[in-house]
Each structure stands twice: as C-alpha cells, then as structure tokens.
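Colleague: Note that the sequence shown covers residues 311 to 733 in this note's numbering.
Here it is, the structure in full.
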Amino acid sequence: MRELTSWLSGAADPDDFPYSAVLAEYHRVGKHFVEKELLALLDQIRAQVTVPTADPPGPAVQLLRDFLDVALDKWDGRYDYRSYLALRLLRLPCGEDEGPGEDDGHPDRARRDRDRLLVGLVADALAFELAAASDATDLLPEDRPDREVVAKRHRLGVRAASPALVRLGLAGAAHDPEPAAVLRDLAAERAPAGEPALWLSMLPVYVSHDEYLFIRVLQSYECLFAGLVDELRATIAALAAGRARPAADRLAYAREQLTAAGPLFSLLATMQPTAFRTFRQYTDGASAIQSRSYKLMESLCRTPEGTRLESPAYQQVPEVRDRVHAGQPSIDEAFRAAVRDSLLTGADVDLVARAMRAFAAAVLQWRRTHHRLATRMLGSRPGTGYTEGTPYLATVRSIPVFTAVTHDPGPSSGTAPTGGSPE
Ligand code: HEM
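Shown next as structure tokens:
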C-alpha cells in the first residue's frame, strides 16, 4: 500500500509502477486472499491508466493495464482460465483479441517466438523448484516437495524443453552445452531484470508450492496450442492451393510439437494430489475447458458436430463457436475438397492422409494422457469448469479428430504420465 500511494502521489509514471511490491503482497497471501483495500486502490489506478487518449497506449501503459486486468479478475468477478494464466500478458490468444494468426508462409519467426516462450516458462518453473529446495525463496511455502521430487521435476523439465532448445540452437550440438546447463543459465536471468511478462504472469490463487508448477505447465501448453493453431491454418491454406508437401510438412511439425511436449504431462504428474486439491478450492470457475486455442485447434481439424458445438465445451468459448458458425474452414473439409476437385491426386493424397493420421494419433494420445492425469489428481470430484469431471473427459477423448481419413482411436485407457506415483 505504501509503495502504491507514494507512486500515486508522485508522477504515477507507468514505467516506475511498483510491480515488485504488488507481486510480493499477492504472493504472500495468494490472489484469492488479497485485502480489499489493496484491490480497491489497484482498481482506482486502473481507472486512471485506462482513460482513453487520442494516441494508442505506449508499451508501459499497456503492460500496466494488462497486469491490472489479471490482478483484478477476482475483484471484478470475471476470473477465468485466461486471466488465471495471464495469457494476455504472455501475448497468447485469450479470446478478446485476434491473437497471432495466419503467417505469410514464412513460419520461422513465429515458431522461434513460441520456442523462446516455452523455454522461458519451463526454465522459470525449474528455477523456482531449485530455489525452494535450497530455501533461497520464501515464495509459496506450503507443501514443498522433497528433494527426490525436485530432481525428477528437473529431469522432466529439461526433457520437455530440449527440442525447443535444440531448434533455437542453444543446446544439443556437439560443441554446445547440455540443455540442463542452458536452462539453468536462462533461469538465472529471471525477471525482474529479464522478461517482465514472464515475471508478472505468475499470480497463484493460494500459497501452495505446487501451484507454481501447475500454472507454468498450463501456460506452456497454451503456448503449444497457439503454435498448433498457426500450423493448422497454414495447412488449410496449402490444401486450398493443392500444395501437398507444405500441407503435410505443417501437419508433421504440429505433430512433433505435440508429441515432444509429452514430458510436460509427466512433469505435472509429480504434483502432490493433496496440494492440488488444496489450491483448486480457489480456482473454481477457471478451467481449461475455456481454452480458446485448444478449441480452435479442434475445430480447425474438423467442424465439430452440432451437439458438441452447443455443449459446454463450446459455450465456454463463444468466440470460437461464432467463428465455426461463420464458416471457419477445416482441414477435413479442405482435404475432401482438394481431392474432389483433383487439386490433390495419387501419391499426394496419400502423403497428406498419412500426415493427418499421424497428427490425429498425437491428439488422441494427448487426450488419453490428460484423462489419466485428471483421474489421478481429481478422483471423482467435479471439474472447475462445472462438468462432472473425468466422466466428461472420458466421453470427449475419443471424438474423431478427422473423418476424411480413418484413424485408430487407440486403447481406451491411454498411457499414464510417468512423473508421479499413483495415489
Ligand atoms: C491436474 C491436472 C489436470 C486436471 C485434474 C484436469 C482436469 C480437467 C477436467 C475435469 C476437465 C473438464 C472440464 C472441467 O469441468 O473443468 C478438463 C478439461 C480440459 N483440460 Fe484439463 N486437467 C488437468 C491438466 C490439464 C493441462 C495441463 C492441460 C493443458 C492445457 C489441460 C487442458 C484441458 C483442456 C483443453 C480441456 C477441455 C477439453 C474439452 O473440452 O474437450 N488440462 N481438465
């Protein structure tokens, strides 16, 4: 409060906003328990910085507005998955905006940006684990895991980030350092001096240690899904032009991303179910059923059937449902049309169909692993997105990804994430 009132009574320069002091208070008690006086003051500051001006807001004002929107979501009564994960601060699609979308056929920059973000998120999660294990931080002190679990998290985190580190040229070649060392160095650059968005996007609802990991893993998957959306849109454009090779390559890249991210689920499986059940009492209303990127990914593969479109799955992402109603194209339709119009023939049809099947297998595997993880953590409790919980996931896990090609729905139980031990 003191830092804020002195900031307000001075120049109130957004560049000098006392983020550290505000974050420290949020971290001390958890977002759910922040004092009303502090929230009211932040609300007052937000009103001040959101006064419309003739010029577009500069980056410091925009950052402050975005931060306050995330910090005040519970106060405003609009707390949800997107605000819980601070997707806006991470510049990931969160519903109100268009988000990064189609590229012009040169995907390298967008891919590198995503790789950098993913690596930053994982490095930060591991840095927190190591700092807590050596008592170098008093952040989120409840239910700290033992050293063995921390070591396992470190191994799994390095595995999850390694493909991105290699693509970025930061690790992996004979003369390069080990991914673990690179991650350690990256984590050492943690904000405030490093990336403000990364630093500001960690606002747990409670003071349980494992919530840090939970948030970072969800954010990593959001980063991944946003990337998949770009790849799928580019696939559709390539199919519409009858270009089999780029379509298959984009799908193959998307499949690799999804498969390579598997260790993230294993990492999350090391979460202590009791810790999870404690902090999730305060995450009610925030569920990944509200993930815009996931539903975009699903609907870009194939237009969902009417029953699914009108179910909570899409009611919770109305902006995606509207796009589908407005005729959003899908890979399934684009593929059928390209074959029907002889834009794709012979070996090209097989090439694309194979890539579609492989991508579908990766999505189905993701769903099965997710279902297993949710069962382990949640048991028979309902979801925070107001479904009945794992029975919902059991129903949706075998929805076909495509219908224009046949694919194997796979075993019904799926592979267990390897990180944790069953309850
Ligand atoms: C402790 C770990 C997790 C548990 C217990 C869990 C539980 C659930 C539950 C119960 C649902 C159904 C909706 C609801 O009522 O909330 C759901 C949906 C969903 N979850 Fe998770 N989840 C976990 C981790 C994750 C992770 C790491 C992701 C990655 C982003 C994720 C992505 C999704 C998505 C995309 C849906 C919507 C699926 C659909 O509507 O078809 N979940 N989850």
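Don't be surprised by glycine CBs; every beta carbon is placed ideally from N, CA and C.
Here the structure is a predicted model, which means the values were calculated and not measured.
Please name the residue in Tyr394, Lys346 and Thr360 whose C-alpha comes closest to that of Asp594.
Modeller: Counted from its first residue, the sequence shown places residue 594 at position 284. For Asp594, the nearest C-alpha among the options comes from Tyr394.
Colleague: Does the Cβ of Tyr696 lie closer than 7 Å to at least one heavy atom of the ligand HEM?
Modeller: If you number the sequence shown from 1, residue 696 lands on position 386. Yes, since a heavy atom of the ligand HEM falls inside the 7 Å radius drawn around the Cβ of Tyr696.
Colleague: Kindly indicate the opening and closing residues of the alpha helix (DSSP H) around Arg356.
Modeller: Within the sequence shown, the letter at position 46 stands for residue 356. Residues Lys346 to Val359.
Colleague: Check for me: the alpha helix (DSSP H) holding Gln372 runs from which residue to which?
Modeller: Stepping through the sequence shown from its first residue, residue 372 is reached at position 62. First-last of the alpha helix (DSSP H) with Gln372: Pro369 to Ala381.
Colleague: When every heavy atom of the ligand HEM is checked, does at least one fall within less than 7 Å of the C-beta of His464?
Modeller: Residue mapping note: residue 464 aligns to position 154 of the sequence shown, counting from 1. Flag unset: Cβ of His464 not near the ligand HEM.
Colleague: Any heavy atom of the ligand HEM inside 7 Å of the beta-carbon of Gly616?
Modeller: The residue given as residue 616 occupies position 306 in the sequence shown. It does not: the Cβ of Gly616 is nowhere closer than 7 Å to a heavy atom of the ligand HEM.
Colleague: Quick check: what's the CA-CA separation for Gln626 versus Gly320?
Modeller: Stepping through the sequence shown from its first residue, residue 626 is reached at position 316. Stepping through the sequence shown from its first residue, residue 320 is reached at position 10. Using only the alpha carbons, I get a separation of about 42 Å.
Colleague: Beta-carbon within less than 8 Å of Asp453's beta-carbon, same chain only, minus the 5 sequence neighbours each way: which residues are those?
Modeller: Here residue 453 refers to the residue found at position 143 when the sequence shown is read from its first residue. These residues qualify, in order along the chain: Ser518, His519, Asp520, Gln582, Thr584, Ala585 and Thr588.
Colleague: Return yes when the Cβ of His680 is within less than 8 Å of the Cβ of Leu654, no when it is not.
Modeller: In the sequence shown, residue 654 corresponds to position 344, counting from 1. In the sequence shown, residue 680 corresponds to position 370, counting from 1. No, Cβ-Cβ distance for Leu654 and His680 is not below 8 Å.
Colleague: Could you tell me whether the stretch 565-583 touches the stretch 356-370, using the rule of 3 or more Cβ pairs below 8 Å?
Modeller: No, because fewer than three Cβ pairs between the stretch 565-583 and the stretch 356-370 fall closer than 8 Å, the two stretches do not touch.
Colleague: Work out the CA separation of Leu688 and Val662 for me, nearest whole Å.
Modeller: Here residue 662 refers to the residue found at position 352 when the sequence shown is read from its first residue. Here residue 688 refers to the residue found at position 378 when the sequence shown is read from its first residue. The alpha-carbon atoms of Val662 and Leu688 are separated by roughly 38 Å.
Colleague: Does the beta-carbon distance from Ala644 to Ile546 come in below 8 Å?
Modeller: Residue numbering aside, residue 644 sits at position 334 when the sequence shown is read from its first letter. Residue numbering aside, residue 546 sits at position 236 when the sequence shown is read from its first letter. Yes.
Colleague: Please tell me whether, using a cut-off of 7 Å, the distance from the CB of Glu532 to the nearest non-hydrogen atom of the ligand HEM is below it.
Modeller: Numbered from 1 along the sequence shown, position 222 holds the residue referred to as residue 532. Glu532: yes, Cβ under 7 Å from the ligand HEM.
Colleague: Using the Cα positions of Asp448 and Ala442, report the straight-line distance between them to the nearest angstrom.
Modeller: To locate residue 448, count along the sequence shown from 1; it is residue 138. To locate residue 442, count along the sequence shown from 1; it is residue 132. Cα to Cα, Asp448 sits roughly 7 Å from Ala442.
Colleague: Measure the CB-CB distance between Leu513 and Ala433 and report whether it falls below 8 Å.
Modeller: As a position in the sequence shown, residue 513 is number 203, starting the count at 1. As a position in the sequence shown, residue 433 is number 123, starting the count at 1. Contact flag unset, no.
Colleague: Count the other CB atoms within 10 Å of the CB of Met607; is the residue buried (16 or more) or exposed (fewer)?
Modeller: Taking the first residue of the sequence shown as position 1, residue 607 is located at position 297. When all chains shown are included, Met607 counts as buried.
Colleague: Tell me which residues share the same chain as Glu412 and place their Cβ nearer than 8 Å to its Cβ, disregarding the 5 neighbours each side in the sequence.
Modeller: Here residue 412 refers to the residue found at position 102 when the sequence shown is read from its first residue. Legend: pLDDT at Glu412 = 48, less than 50; position of this residue unreliable, no value from coordinates given.
Colleague: Is Phe586 near the ligand HEM, with its Cβ less than 7 Å from a heavy atom?
Modeller: Stepping through the sequence shown from its first residue, residue 586 is reached at position 276. For the ligand HEM, at least one heavy atom lies less than 7 Å from the Cβ of Phe586.
Colleague: Using a threshold of 8 Å, state whether the C-beta atoms of Gly537 and Arg631 are closer than that.
Modeller: Here residue 537 refers to the residue found at position 227 of the sequence shown. Here residue 631 refers to the residue found at position 321 of the sequence shown. No.
Colleague: Heavy atom of the ligand HEM less than 7 Å from the Cβ of Ser569, yes or no?
Modeller: As a position in the sequence shown, residue 569 is number 259, starting the count at 1. Sequence inspection shows Thr at residue 569; the Ser mentioned does not correspond to that position. Incorrect: Thr569 has no Cβ contact closer than 7 Å to the ligand HEM.
Colleague: Where do the N-terminal and C-terminal ends of the alpha helix (DSSP H) with Ser708 fall, by residue?
Modeller: Within the sequence shown, residue 708 is the residue found at index 398, counting from 1. Unbroken run through Ser708: none, as it is neither H nor E.
Colleague: Kindly give me the distance between the Cβ atoms of Ala396 and Val429, rounded to whole angstroms, as I take these residues to be in contact under 8 Å.
Modeller: Residue mapping note: residue 396 aligns to position 86 of the sequence shown, counting from 1. Residue mapping note: residue 429 aligns to position 119 of the sequence shown, counting from 1. Not a contact, Cβ separation roughly 18 Å.
Colleague: Quick one: what's got a C-beta closer than 7 Å to Tyr389's C-beta in the same chain, skipping five residues either side?
Modeller: If you number the sequence shown from 1, residue 389 lands on position 79. Excluding positions up to five away in sequence, the list reads Asp383, Gly595 and Ala596.
Colleague: Can you tell me which of Arg646, Ser609 and Ala647 puts its alpha carbon nearest to the alpha carbon of Glu629?
Modeller: As a first step, residue 629 is located in the sequence shown; it is residue number 319 there, counting from the start. Nearest C-alpha to Glu629: Ser609.
Colleague: Contact defined as beta carbons within less than 8 Å: I believe Pro573 pairs with Arg469. What is the distance between those atoms, to the nearest angstrom?
Modeller: Reading the sequence shown from its first residue, position 263 is the one you call residue 573. Reading the sequence shown from its first residue, position 159 is the one you call residue 469. 4 Å between Cβ atoms; contact.
Colleague: By how many angstroms is the C-alpha of Pro328 removed from the C-alpha of Leu351?
Modeller: Sequence index remark: in the sequence shown, residue 351 carries index 41 (1-based). Sequence index remark: in the sequence shown, residue 328 carries index 18 (1-based). Roughly 13 Å separates the two Cα atoms.
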